[in-house]
Amino acid sequence: MISDDTGVLLCCSVRDGKRVAFAGIWRIYHRWFIHID
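Note that my numbering has the sequence shown beginning at 20, numbered continuously upward.
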């Protein structure tokens, strides 16, 4: 059974991870798009 603290920590971790991954993908996509143009 998972405690509330662990659930909150896991939720925040996943949310931050998605934000970091999205920022990285956007940066790579933006750079690639600029190079093509």
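Yeah, the Cβ is synthetic: ideal placement off N, Cα and C, and Gly gets one too.
What's the gap between the Cα of residue 25 and the Cα of residue 37? Position 6 of the sequence shown, counted from the start, is the residue given in the question as residue 25. Position 18 of the sequence shown, counted from the start, is the residue given in the question as residue 37. Spanning the two alpha carbons is a distance of roughly 18 Å.
Where residue 22 sits in the DSSP three-state scheme: For this step, residue 22 is matched to residue 3 along the sequence shown. Residue state, collapsed to three classes: coil.
Alpha carbon to alpha carbon, how far is residue 31 from residue 43? The residue given as residue 31 occupies position 12 in the sequence shown. The residue given as residue 43 occupies position 24 in the sequence shown. Using only the alpha carbons, I get a separation of about 18 Å.
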